[in-house]
């Protein structure tokens, strides 16, 4: 695979002197156009052999372009805040917003590749890592990110020569430590892993480019040109797509959604909506489960187990009340309720999952989402805020996101609070009639109600596609509020108990 | 001071049963009004004797109010990310945005009080901490934050009884560890420190309320009522102020600014604007300083010294070019340029310094601000975006902010790049005439130019009031670009060299 990167390609001083200023100007122009359009983020990943010029190239790109709109990232040992979250939290945190270019001097590739070369990771685990990378890059690319990956190569002999040369230079000798030589001796294993990695992660929307790193002028022009071309091509395509879309003047997906009848049969149709708990028993059972939850919270906290609760459900299904029954059993300092409404402008400048990643808490805490990432396949689908392509792929993205939470040991519990259409109408009318509850009822609630059928279908699809073994949906029959609250509390307790017991073993 | 909190005040069950639901409803209403107005943040600090019900009260408030709009915070041992920044970084990070209520179960008071009680901190250092607290709270209050501080009290005997009682309860015994008794034996020292602390930090816009903590019903109603009253009072005042302001229809401050003649004499008038460097020498000197800076960066990085560079200056004074000469000497992964333009909506929901706190980097890095927190006393002053009161107090707030950076060991270098009016005109015209530079020149640049005199006065005041021993302004004569770049690089090198030498001693 790397033969083509050991051809001894080089660029003469004269050629460089001629091409460099032109390329700089074009890169700067491309960067300015990108910033003005804010159409997509650019993610440039560098990987490869030590000494093949990764750092120098990134430094050079920082001089060629406007450093104010570049984000340069490298990842060392994870900080304790990073260690307490799933691995990819630090990568999500570091992503550039639309309109900016992120240069990743080390990345999601670094740890797996090194761990594999030094045999700290099994071949199976490595495949798992590579799949995660593919999924991650795919999610970003589907969201519009332009992803470019450069593998900077240097032959074994060339690297040997380089290390020897550095050792002789008193000002650069510090760069050659024991690790550098140790790493050199692993060269063959490194190349084998590299080939496999590149093959598995080389996708159309996140391609690898292998760059011969021996000649600084050659590699600089090669990388710079590739970035320039890719950015300009994508900008042109984006501009064209915008004007084409304007010409077409699509019918919004919402139009379609409204035509779904509300009598449709879904998973929800099978729920026994007469379930209730006797008022006399309700208080006693709520108290019991709250006490149990309080104890479990402390045990989970001590074991470093984080818990994430997701609440979705019909308007007026009683999400708020159920959440309060949970939080009132918890230590307020250990828990946080995150209400999900319209995204802020910073959130809008990133992939839609970004805002949920940023809310992941440190170890041992409770995070409760009042509505969640499922908005993508519910309201955004039904109202046509997301394209069909976007919400269709969201199921897979959500499953990938949740599997990372679970792998990190987080207990994830998801609730759909279900009420019947009649019960919703009764509650809406009650809210209308009660002065201090009237603010809770908006025109939007009435509009959503008209699309009951479309929402029911969306809920059905959501549950079918995202209820997994480790992150199942719990459907809560919520016509009786007390019954719903007891069921929510009991479910949280059961799941937490299992997690604590499992951790102890 | 605490006598009034040892009177044995209590509330009967019947009274509580009557008052509690009313108070809950009112608190919820106040919270909803606050959220709808998004007029100001509410910061509620809890401190006091262990066992006086801090945690229980905060938990209760979380059940009384809507937990979705509450932010509950407590601070344990600082994480490594926190340790690498000035102490208050974690507090700034945790502040609630306008419209929300933050409950601080521990706070900026916790560490200093404990350190003082256990004599790990000198009395002088303690006074310094208290001053910092007063300044911090004052800055937030001046920005509109409603600050309430509750000191939860329990007499020495009462605390003794409580510990004994807890020890007898098998389910609660875990709460009484060796530290709890050790802490109890320090009770008198604690009370002395507490009295002093409360006296020094009890200000009109951030008052302390001492609450007798022995009776749970009494303390809950007392705290809840105080929060309700303060929030409602402030909401009413805010609503009144808004309508009054509308009625007045102020003349904007900008109107005044424009009348300042541009011939005004300021600190800038004394600069020798003919300074230049011979073109032949410029390249060689730039190279030399860049080499020196690169070496110093590594030494500073190894010593954990962070560097912050602030660039301010006239439009077209060459900030961008100077910044690029600095960044091109640095490792891109170790440095970050932060361009300061309009704030995002998340930033707008906080104190104006919040957005700068959030950009402080981990130890050993370079952060370069292209424009900065000085916008408050420059553009915001001249254009009337900030009220006179707001920009007048900003000098003190900025000095306090910078002193925290310096205390943490950060090297702070501030540049004002100065050009003459004639030179600016020449550069504007050159930009107009050069196709690929035309985008850099906006109508705003021409408008700013018309207000040269007002800006010159603002710059003069800024330098006079914020040039301190540890954070002096460097005025850069920038009519000759090369001269300016050399001076910037040399200044950064000199300051960094001193810091590295100092750290070594």
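Protein chains in written order, with my numbering: chain A, 7 to 511; chain B, 7 to 511. For glycine and all other residues, C-beta sits at the position ideal for the given N, C-alpha and C. Remember, predicted model here, so these are calculated numbers, not experimental data.
Query raised in the report: How many Å lie between residue 490/B and residue 368/A at the Cα?
Result: 46 Å
Report task. Report the residue ranges of all alpha helix (DSSP H) runs contained in full by the segment 44 to 112 of chain B; include only those spanning at least 4 residues, in chain order. Result -> Taking 4 residues as the shortest admissible run, the segment 44 to 112 of chain B contains the following complete alpha helix (DSSP H) segments, listed from N- to C-terminal end: 60 to 70, 86 to 89, 95 to 100.
Query - Nearest residue (CA-CA) to residue 294/A, options 124/A, 349/A, 334/A - result: 334/A
Requested in this report: Hey, could you find the ends of the beta strand (DSSP E) residue 296/A is sitting in?
Outcome: Segment 285 to 308 is the alpha helix (DSSP H) holding residue 296/A; no beta strand (DSSP E) there.
Query - Rounded separation between residue 74/A and residue 372/B - CA only - result: Approximately 13 Å between the Cα atoms of the pair.
Query - Simplified DSSP state of residue 420/A, which is helix, strand or coil - result: strand
Query raised in the report: Among 488/A, 85/A, 61/A, which one has its Cα closest to the Cα of residue 287/A?
Result: 488/A
Requested in this report: Look up residue 512/A in the DSSP assignment and say whether it is helix, strand or coil.
Outcome: One cannot answer for residue 512/A here, as it falls past the ends of chain A, which runs 7 to 511.
**Report entry** Cα-Cα separation between residue 114/B and residue 323/A, rounded to whole angstroms
**Finding:** 40 Å
Query - Min CB distance residue 256/A to chain B below 8 Å - result: Only weak support exists for where residue 256/A lies, its pLDDT of 48 falling under 50; the coordinates are left without a value.
Query - Where the beta strand (DSSP E) containing residue 313/A begins and where it ends - result: 313 to 319
Query - Rounded C-alpha distance that separates residue 244/B from residue 485/A - result: Near 41 Å, if we compare the C-alpha coordinates of residue 485/A and residue 244/B.
Query raised in the report: residue 126/A by DSSP, collapsed to three states: which one?
Result: The answer is coil: DSSP assigns residue 126/A none of H, G, I, E or B.
**Report entry** Length of the line joining the Cα atoms of residue 375/B and residue 481/B
**Finding:** 16 Å
Query - Option nearest residue 237/B by Cα separation, candidates 36/B, 456/B, 83/B - result: 36/B
**Report entry** 6 Å Cβ shell around residue 143/B - same chain, five flanking residues per side excluded
**Finding:** Closer than 6 Å at the Cβ level, and outside the excluded window around residue 143/B, lie 153, 212.
Query - Residue-chain proximity (residue 333/B, chain A), Cβ-Cβ < 8 Å - result: yes
Query raised in the report: Mind checking if residue 479/B is an interface residue toward chain A, Cβ cutoff 8 Å exclusive?
Result: no
Query raised in the report: Under a Cβ-count criterion, where at least 16 other Cβ atoms within 10 Å of its own Cβ denotes burial, should residue 4/A be classed as buried or exposed?
Result: What is shown of chain A runs 7 to 511, which leaves residue 4/A out entirely.
Query raised in the report: What first and last residue would you give for the alpha helix (DSSP H) that runs through residue 18/A?
Result: No alpha helix (DSSP H) holds residue 18/A; DSSP gives it neither H nor E.
**Report entry** Any chain B beta carbon closer than 8 Å to residue 64/A
**Finding:** yes
Query raised in the report: Near residue 241/A, what residues of its chain come up, given a Cβ to Cβ distance below 8 Å and the 5 sequence neighbours on each side ignored?
Result: 36, 39, 40, 43, 45
Query raised in the report: If you measure from the beta carbon of residue 61/B to each beta carbon in chain A, is any gap under 8 Å?
Result: Yes - at least one Cβ of chain A is within 8 Å of the one on residue 61/B.
Requested in this report: Taking only beta carbons into account, state which residues of the segment 20 to 37 of chain A come closer than 9 Å to chain B, listed in chain order.
Outcome: 31, 34, 35
Query raised in the report: Name the chain B residues that come within less than 9 Å of residue 378/A, Cβ to Cβ?
Result: Within chain B, no residue comes near residue 378/A; the closest Cβ sits about 13 Å away, beyond 9 Å.
Query raised in the report: When the cut-off is 8 Å and only beta carbons count, does residue 78/B lie next to chain A?
Result: yes
Query raised in the report: Would you call the segment 167 to 175 of chain A and the segment 228 to 235 of chain A in contact, with 3 or more CB pairs under 8 Å?
Result: With the cut-off at 8 Å, the segment 167 to 175 of chain A and the segment 228 to 235 of chain A do not touch.
Query raised in the report: For residue 120/A, does the three-state DSSP call read helix, strand or coil?
Result: helix
Report task. Please classify residue 359/A: does DSSP put it in a helix, a strand, or coil? Result -> Of the three classes helix, strand and coil, the one that applies to residue 359/A here is coil, per DSSP.
Query raised in the report: Since residue 357/B meets chain C, which of its residues come closer than 8 Å, beta carbon to beta carbon?
Result: Note that chain C does not occur in the displayed structure, where the protein chains are A and B.
Report task. Grab me the residues of residue 108/A's own chain with a C-beta within less than 6 Å of its C-beta, minus the 5 sequence neighbours each way, in chain order. Result -> Its chain contains 49, 77, 102 as the residues whose beta carbon lies nearer than 6 Å to that of residue 108/A, once the 5 sequence neighbours on both sides are disregarded; these appear in chain order.
Requested in this report: List the whole-angstrom C-beta distance separating residue 366/A from residue 91/A, where the pair is believed to meet the contact cut-off of C-beta under 8 Å.
Outcome: 5 Å
**Report entry** For residue 418/B and residue 202/B, the rounded distance between their alpha carbons
**Finding:** 34 Å
Requested in this report: Identify which residue in 459/B, 438/B, 177/B has its Cα closest to the Cα of residue 3/B.
Outcome: The question about residue 3/B has no answer, for chain B in this structure spans 7 to 511.
Requested in this report: Could you pull out every residue in the same chain whose Cβ sits closer than 6 Å to the Cβ of residue 258/A, ignoring the five residues on either side in sequence?
Outcome: Unreliable placement is indicated for residue 258/A, whose pLDDT of 47 sits below 50; no coordinate value is reported for it.
Query - Of the residues 8/B, 445/B, 501/B, 351/B, the one placed nearest residue 311/B, counting alpha carbons only - result: Of the listed residues, the one whose Cα sits closest to residue 311/B is 501/B.
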